[in-house]
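> Once you've had a glance at the structure underneath, I'll fire off some questions.
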Amino acid sequence: RLRIAFMGTPDFALAALKAIAEHTNHEIVCVYSQPPRPKGRGQQVQPSPVQAYAEAKGIPVYTPKSLKNPEAQAEFAAHTLDIAVVAAYGLILPKAILDAPKFGCLNIHASLLPRWRGASPIQRSIWAGDTETGITIMQMDEGLDTVPEILKRALPITPTTTASSLHDGLAALGGDMIVEALNMLAASRTHLPATPQNDEDFTYAPLLKKEDGAVHWNQSAAEIDRQIRALNPWPGVFTNANGKRFKILEAVLPGEKAADVMEAGKILNKRGDIVCGDGSLLRLTKVQPEGKAAMDFAAALNGHYMEVGQVFS
């Protein structure tokens, strides 16, 4: 029976914590999570999903702002851990933390490493047009997702996959895989065998920024469709009309091209077909005018937020 520290913050990490708590007999000695932060319109301070679940289960929770100071490191070492499981925690783990558990720290990473090292692998895999992604369980060191892999499993990315649906699928897969890795460790009582990554094949997934959501209509409809599916709900995808910003929430590919050469970004008809850079069409199905509720494209036309023949900028 392993003594485990779980270190994670958002819903993605919660799936793994639940899997360990509900499908193993290992002891979760403590949970580390980001400090509670203001959320929602009222900006009330709320615990992270991981903290809320752990507290409901009676598991001790620690929310340090940093793990670089000697006091936090001594506190962590005092748990006499066999292993730490890390999933979307949000803090850098210094060497003293990585070395404190008997068997080190295992990380649940949401890509098929070395593809998409970094902060936004789920979104980048969709946006880039990858046909699959997955989960890699790896033994952590001080590098950025550069360590040898212990387990790796794939999930397909389809033409309708969104960041939300892929997030949920990967979170569930990560929970299953970390349970498997922990049971392997408990059986062997030694470090798990790992395969080195091919560093020549790596790609980097930088942190997303708000400006990443800007649509460039000179791109193809397929590229913009991937951007929409990858970047909703955050940072969201937007364009401009009548001097105001429109969020594009949903779109489909009609598989058609404009009959004539037209300016990219032009609203072609009431169906919501927009001319893209190579003449391909993207059909907007749900939009959100600035300061208004989300609505279908026909409602946006009827509300005079935009009009056929107008060109998005």
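Going letter by letter, the sequence shown gives residues 4 to 316 in the numbering used here.
Heads up, the beta-carbon is just placed ideally off N, CA and C, and yes, glycines get one too.
Grab the span of the beta strand (DSSP E) containing residue 110 for me, first residue to last.
Here residue 110 refers to the residue found at position 107 of the sequence shown. Run containing residue 110: 108 to 112, per the beta strand (DSSP E) assignment.
> According to DSSP, residue 33 sits in a beta bridge with which residue or residues?
On the sequence shown, residue 33 is found 30 positions in, with the first residue counted as 1. Note: residue 33 sits in a beta bridge opposite 8.
> By alpha-carbon positions, which one of 31, 123 and 286 ends up nearest to residue 224?
For this step, residue 224 is matched to residue 221 along the sequence shown. Per the Cα distances, 286.
> Quick check on DSSP: helix, strand or coil for residue 41?
Counting from 1 along the sequence shown, the entry for residue 41 is found at position 38. Note: residue 41 maps to strand in three-state DSSP.
> Need the endpoints of the beta strand (DSSP E) that residue 292 sits in, please.
Along the sequence shown, read from residue 1 onward, the residue named residue 292 stands at position 289. It spans 284 to 292 - the beta strand (DSSP E) in which residue 292 sits, taken as one unbroken run.
> Restricting to runs no shorter than 3 residues, where is the beta strand (DSSP E) found entirely within the segment 242 to 314?
Here the runs fully enclosed are 247 to 255, 276 to 278 and 284 to 292.
> Is it right to say residue 29 is buried, meaning 16 or more other beta carbons lie within 10 angstroms of its own, or is it exposed?
On the sequence shown, residue 29 is found 26 positions in, with the first residue counted as 1. So residue 29 counts as buried.
> Pairing CB atoms from the segment 69 to 76 with CB atoms from the segment 152 to 171, are three or more of them under 8 Å?
Short answer: they don't touch.
> If I follow the unbroken beta strand (DSSP E) through residue 187, where does it start and stop?
Here the question's residue 187 lines up with position 184 in the sequence shown. Looking at the DSSP string, residue 187 is not in any beta strand (DSSP E); the run it does join, the alpha helix (DSSP H), is 166 to 191.
> At the level of alpha carbons, what is the spacing between residue 68 and residue 104?
By one-based count along the sequence shown, residue 68 stands at place 65. By one-based count along the sequence shown, residue 104 stands at place 101. When rounded, the distance between both Cα atoms is 20 Å.
> Pull up the DSSP beta-bridge partners for residue 152, would you.
Translated into the one-based positions of the sequence shown, residue 152 becomes position 149. Answer by DSSP bridge pairing, in chain order: 141 and 198.
> Measuring CA to CA, which of 136, 144 and 132 is closest to residue 362?
Given that the chain is displayed from residue 4 to residue 316, the structure contains no residue 362 and the question cannot be resolved.
> State the beta-bridge partners of residue 135 as determined by DSSP.
By one-based count along the sequence shown, residue 135 stands at place 132. DSSP, once it has assigned bridges, lists 159 as partnering residue 135.
> Please classify residue 129: does DSSP put it in a helix, a strand, or coil?
Here residue 129 refers to the residue found at position 126 when the sequence shown is read from its first residue. Here residue 129 sits in helix by DSSP.
> By a C-beta neighbour count over all protein chains shown, 10 Å radius and 16 as the cutoff for buried, is residue 235 buried or exposed?
Working through the sequence shown from its first residue, we reach residue 235 at position 232. Looking at its Cβ environment, which holds 16 or more other Cβ atoms inside 10 Å, residue 235 is buried.
> Once the 5 residues before and after residue 126 are set aside, which same chain residues still bring their CB inside 7 Å of it?
For the purposes of this step, residue 126 is identified with residue 123 of the sequence shown, where counting begins at 1. The answer, listed in chain order, is 166, 211, 233 and 234.
> Just the C-alpha distance for residue 25 and residue 63, rounded to the nearest angstrom, thanks.
Along the sequence shown, read from residue 1 onward, the residue named residue 25 stands at position 22. Along the sequence shown, read from residue 1 onward, the residue named residue 63 stands at position 60. One C-alpha to the other measures close to 17 Å.
> For residue 46, is the classification buried or exposed, using 16 other Cβ atoms within 10 angstroms of its Cβ as the cut-off for buried?
Here the question's residue 46 lines up with position 43 in the sequence shown. Answer is exposed; the Cβ neighbour count stays below 16.
> How would you label residue 278, buried or exposed, when you count the other beta carbons within 10 angstroms and need 16 or more for buried?
Here the question's residue 278 lines up with position 275 in the sequence shown. The residue in question, residue 278, is buried, as its Cβ has 16 or more Cβ neighbours within 10 Å.
> With a cut-off of 8 Å on the beta carbons, I'd call residue 250 and residue 241 a contact; round off their distance for me.
Here residue 250 refers to the residue found at position 247 of the sequence shown. Here residue 241 refers to the residue found at position 238 of the sequence shown. Right, their Cβ atoms sit about 5 Å apart.
> Whole-angstrom Cβ separation of residue 139 and residue 155, contact assumed at under 8 Å?
If you number the sequence shown from 1, residue 139 lands on position 136. If you number the sequence shown from 1, residue 155 lands on position 152. Yes, they are in contact, since the Cβ atoms of residue 139 and residue 155 sit about 5 Å apart, within 8 Å.
> How would you call residue 275, buried or exposed, if buried means at least 16 neighbouring beta carbons within 10 angstroms?
Your numbering for residue 275 matches position 272 in the sequence shown. Residue 275 should be labelled buried.
> Kindly indicate which three-state DSSP category residue 100 falls into: helix, strand or coil?
Within the sequence shown, the letter at position 97 stands for residue 100. Correct three-state label for residue 100: helix.
> What do you reckon, are the CB atoms on residue 13 and residue 113 nearer than 8 Å?
Residue 13 sits at position 10 when you count from the first residue of the sequence shown. Residue 113 sits at position 110 when you count from the first residue of the sequence shown. The answer is no: Cβ separation not under 8 Å.
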